[in-house]
Amino acid sequence: MACVNIAVDSPTRADVRALLEEHLAEMHATSPPESVHALDPVALAGPAVTFLTARSDETGQLLGCGALSELDPGPDGHGEIKSMRTARGARGLGVATRLLGELMTLAAERGYTRVSLETGAEDFFAPARRIYTRHGFVECEPFAAYVPDPNSVFMTFALSVPPPEGSR
């Protein structure tokens with residue numbers, strides 16, 4: 401893979417907004433409205449969300465995006481992966497894996513004990529489920545405000561958190 405820069409970015413930038421609008425359009429074309437849980441750019445700019453983009457070091461071209469939303473702060477915190485999306489021309493290059501790694505590192509730095517996500521149950525979402533499974537996520541019950549939904553798959557990853565300072 402060419403050099404990729406992953407950094408905190410704004411979901412309201414024009415190129416990011418276009419990628420997120422494509423993402424939302426596909427979600428609505430694939431799932432019933434009540435089963436679409438993707439956030440729009442305004443929600444992704446909220447204070448409890450850290451939004452990352454992957455860009456080409458050479459051109460600055462947007463390759464993908466993803467976000468970490470804080471569900472429960474504190475020492476037993478819980479985060480949620482939101483709006484993972486790879487640009488069409490960058491698929492198969494490892495962009496999603498790199499973004500996921502950065503989001504998981506961020507979650508660990510914040511002391512979260514787990515990171516969860518919701519994705520679709522339809523065949524369209526099989527590549528996403530494979531990526532998450534390959535990186536250690538396992539299916540779980542609905543979390544946070546989610547409810548059981550035959551169109552959703554809920555997944556979680558338990559982070560190992562070092563013991564509190566002074567406990568050794």
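Here the sequence shown stands for residues 401 to 568, where the numbers follow my numbering.
Ideal Cβ placement from N, Cα and C applies to all residues, glycine included.
Bear in mind that the values here come from a model prediction, so they are computed numbers and not experimental data.
With a cut-off of 8 Å on the beta carbons, I'd call residue i and residue j a contact; round off their distance for me.
| i | j | result |
| --- | --- | --- |
| residue 513 | residue 558 | 7 Å |
I need the straight-line Cα distance from residue i to residue j, nearest angstrom please.
| i | j | result |
| --- | --- | --- |
| residue 426 | residue 543 | 24 Å |
| residue 476 | residue 453 | 27 Å |
| residue 499 | residue 537 | 15 Å |
| residue 404 | residue 491 | 14 Å |
| residue 411 | residue 468 | 13 Å |
| residue 522 | residue 529 | 10 Å |
Label residue i either buried or exposed according to how many other C-beta atoms from any shown protein chain fall within 10 Å of its C-beta, with 16 as the threshold for buried.
| i | result |
| --- | --- |
| residue 560 | exposed |
| residue 478 | buried |
| residue 519 | buried |
| residue 485 | buried |
| residue 437 | buried |
| residue 547 | exposed |
| residue 533 | exposed |
Going by DSSP, name the residue or residues bridged to residue i.
| i | result |
| --- | --- |
| residue 455 | 405 and 462 |
| residue 431 | None; residue 431 has no bridge partner. |
| residue 538 | 556 |
| residue 468 | 450 and 481 |
| residue 618 | The structure shown does not extend to residue 618, since the chain spans only 401 to 568, so no value can be given for it. |
| residue 512 | 477 |
| residue 412 | Its beta-bridge partners do not exist; DSSP assigns none. |
Would you say residue i and residue j are within 7 Å of each other, going by their C-beta atoms?
| i | j | result |
| --- | --- | --- |
| residue 487 | residue 460 | no |
| residue 531 | residue 503 | no |
| residue 551 | residue 431 | yes |
Any Cβ of chain C within less than 7 Å of the Cβ of residue i?
| i | result |
| --- | --- |
| residue 445 | Protein chain content of the structure displayed is limited to a single chain, and chain C is not contained in it. |
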